[in-house]
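Only one structure is covered here, and it is reproduced in the block below.
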């Protein structure tokens, strides 16, 4: 009997050890995050793990006890009973009690997380677009696109990958610490999902609908928090990270001021660029930069313009990019996108000069050689005519 | 009575014999298992290291999509129907399935359905690339042209499944031997009867979903397009109304299998037979009211989230009853550990681990952190691979003597088991950690912090894949030159198929119904 107990105890200890090592080792577990809700979610997660560990020790312990002491060599005559109403009632009732014990904190936390924060200090609209995020601060008059900034060669070749490989963007979402921030989440094309583990905010971005979420990062948690799109949204689903920079209120205010200055300067520069006449060389140079950079045209149409037909049509030698009578269609598809496909409307994402440059590039690169030098003014005229 | 036994290709094409059809289902599912498995190998090869090495992201998405579709509809479901065909008539004392011609048809639809689906790889734009859950609008307006082949493939599989289910229900209700009352039926028959009702109720829902997709794609409707007054989230509600019962369709027959095998090798009657039946029925009923736990992040009203969270957690109660009953069956039994028993025990343990993560996922406020990460991938692979697939594997080892008259080699069987056991855990356990660390599902490339877990999972997956080739080898060797089996190779086995039928089972069994006392 003593041996049995010892054995049982050691099996229980071993299993307890495995489970708790797993749970405690920091890089093997969920991160607690920085907000009140994320920490509470973490605590609840740990609570469930403890409960499950205890159940596992009891159930698997009983099984292993059987394997050892009720094997044929030890127990040649099996018992003949096959029913016990009392036992069955017990092991129906106990799980019910355990579940009630787990459900109560879960309900409390859920109600807290799902509160509607219409009185938030700051509201931000988040729009998922294949494969980037647009952030709009309606009250601050700021809108920008946030897309992956990991260099292409880190992805495609074995070259050294940075610490934030695939989790870095050109423009981070900036929010103030110590304030309640309300997110209105939607999408332009397919369903995306906006997730930052450290804030415990995950909300689906659904075209045609607006979902609501909120966060409140405490003032001592200034820093940068990274996440990813978590709903399969097509080809580059794995390449649209979410980066949130949490700053102090004063830093946030100066960021807002700076963004507004930048916007005014950019509008002015765009107007100037649009007013001037551009040489083909200059358009081609800018166009190539946009095509392979900010516009990310290459990610579908490929750097050599060959595309992946029929999903992503080739531009090289295509009717639209070479025929003079289809120039208007070409401008139209770049400016307004094509609904029901991954072709986004770049009209609001790029300046008129950039649009003109990229269209020029598409009409002259890869042997398309139309000689067309599309001017920003043409784009303006097209937009005005729309 | 002469044992009419056709031969040649016509035997297989025109057969109405439940044993032949069962064999064809099982072989078909194994072929699909290998096809779907090779796609998993591509996925794991790409994920072995950070960076893009082997396939481009679009091909990667085709791999995850087709792996899921083929494993669910091509490997797991047909394997269960194969077992049903072989076993149900023998276990209830019937000469065959009630509707033999429909039985033939429901099998022969499948090769065509999957040819249609697999052909999509050769089409411009490639195969479906929107995940096996095919959420709209990614699967409607944004999908490749081959999606229409996928839609018709799903229609055909659905027809096949519904006919299979009708056959099971009609057989069980009408063809039991005298004295075989419902509450005397082996648990495998019970779990399949309940599964068949689930199939009949949800496969039409799936057919409806893909039909709506089809009309959205081609006939100008906007069921799932907000711009036309539709709702992409409605697609998810419809899909998961099918999808959640579907996961029980895949696992309930495996519950039945281990409920046959564990008593046999414990040499003790199944503990709590009646509560096993009721637990199975409760799981099936509850499966209809929990679907939206797959959708906690879509922005449901909080009342909805509460309802689906609590209903889902309730499923743990009947599932717990089943696990406790299996443990109680072994308790004070006289256990031996032949290959079928090993697979069944692994089933109980690993399925329970999948159950634990299931309860965690059911809790909405923490599901926000788990949802659509590798934690979910770990969870459902734990209930599907060591669940459904170990269940089928155990069944093959257990009933192989009855089917072929030959026993599988125990030594090879044990190798198959232990290697599968090690590799299945090596593959899927690290996925819990990469999920908790924040790695989303369905991504072809990832940050270095997930690299260690992915490397382990990939090594495990390659091993797991290879070991299944060993299984093929074992089966072929057994059929060709296995050791001849006595009538009842397992001394603890019970049931009409062992007590009243020769080994191997003759082509036609129970020309006159047996007497069940």
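Residue numbers (the working numbering), protein chains in the order written: chain E, 401 to 786; chain S, 2 to 518. Every residue gets a Cβ at the ideal spot worked out from N, C-alpha and C, and that includes glycine.
Item, Value
"Contacts of residue 520 of chain E in chain S (Cβ-Cβ under 7 Å)", "Simply none; closest approach about 17 Å."
"Residues of the region 225 to 239 of chain S with Cβ closer than 7 Å to any Cβ of chain E, in chain order", "227, 228, 233, 234"
"Contact list for residue 318 of chain S against chain E, beta-carbon separation under 8 Å", "492, 495, 496, 499"
"Supposed contact pair residue 393 of chain S and residue 84 of chain S - C-beta distance, whole angstroms, cut 8 Å", "7 Å"
"Residue span of the alpha helix (DSSP H) that contains residue 433 of chain S, given as start and end", "411 to 438"
"Top-ranked residue by Cα proximity to residue 391 of chain S, from S:45, S:185, S:469, S:328", "S:469"
"Cβ-based contacts, 8 Å cut-off: residues of the region 533 to 567 of chain E near chain S", "554, 555, 556, 557, 558, 561, 563, 564, 565, 566, 567"
"For residue 360 of chain S and residue 314 of chain S, believed in contact at Cβ under 8 Å, the rounded distance", "6 Å"
"Under 8 Å from the C-beta of residue 441 of chain E: neighbouring residues of chain S", "366, 367, 369, 370"
"Straight-line Cα distance separating residue 471 of chain S from residue 381 of chain S", "24 Å"
"Under 8 Å between C-beta atoms of residue 582 of chain E and residue 621 of chain E", "no"
"Within chain S, partners of residue 348 of chain E - CB distance below 7 Å", "Here chain E covers residues 401 to 786 and nothing more, so residue 348 of chain E does not appear."
"Closer than 9 Å at the beta carbon, the chain S residues around residue 708 of chain E", "57, 59, 126, 127"
"Proximity test, Cβ basis, 8 Å: residue 607 of chain E and chain S", "yes"
"Cut-off 8 Å between Cβ atoms - residues of its own chain near residue 785 of chain E, not counting five sequence neighbours on either side", "none"
"Test: residue 510 of chain S CB closer than 8 Å to a CB of chain E", "no"
"Members of the region 598 to 627 of chain E that neighbour chain S once the beta carbon cut-off is set at 8 Å", "600, 601, 602, 603, 604, 606, 607, 608, 609, 611, 612, 627"
"For residue 584 of chain E, the three-state DSSP class (helix, strand or coil)", "strand"
"Nearest-angstrom Cα separation, counted from residue 41 of chain S out to residue 54 of chain S", "15 Å"
"Exposure label - residue 490 of chain E; buried when at least 16 CB within 10 Å", "exposed"
"Helix, strand or coil at residue 332 of chain S according to DSSP, with G and I counted as helix", "coil"
"Residues bridged to residue 712 of chain E [DSSP beta-bridge criterion]", "E:708"
"Distance between residue 62 of chain S and residue 443 of chain S (C-alpha atoms, nearest Å)", "7 Å"
"contact_flag[the region 368 to 382 of chain S, the region 290 to 310 of chain S] where n(CB pairs < 8 Å) is 3 or more", "yes"
"4-residue-minimum alpha helix (DSSP H) runs that sit fully inside the region 291 to 361 of chain S, ordered along the chain", "303 to 315, 317 to 331"
"Inter-residue spacing [alpha-carbon to alpha-carbon] between residue 775 of chain E and residue 509 of chain E", "56 Å"
"Beta-carbon neighbours of residue 634 of chain E, restricted to chain S and to distances below 7 Å", "139, 143"
"CB-CB length for residue 131 of chain S against residue 140 of chain S, believed under 8 Å", "4 Å"
"Separation of residue 486 of chain E from residue 284 of chain S, as counted between CA atoms", "22 Å"
"Contact list for residue 311 of chain S against chain E, beta-carbon separation under 7 Å", "503"
"Cβ-Cβ distance between residue 178 of chain S and residue 517 of chain S below 8 Å", "yes"
"Which listed residue (S:344, S:187, S:56) has its alpha carbon closest to that of residue 399 of chain S", "S:344"
"Delimiting residues of the beta strand (DSSP E) encompassing residue 760 of chain E", "It is not in any beta strand (DSSP E) - residue 760 of chain E instead sits in the alpha helix (DSSP H) that spans 752 to 764."
"Residue 105 of chain S and residue 23 of chain S closer than 8 Å at C-beta", "no"
"is_contact[residue 542 of chain S, chain E] using C-beta, thresh 8 Å", "No statement about residue 542 of chain S is possible, as the shown extent of chain S runs from 2 to 518 and does not include it."
"Alpha-carbon spacing of residue 611 of chain E relative to residue 299 of chain S, whole angstroms", "8 Å"
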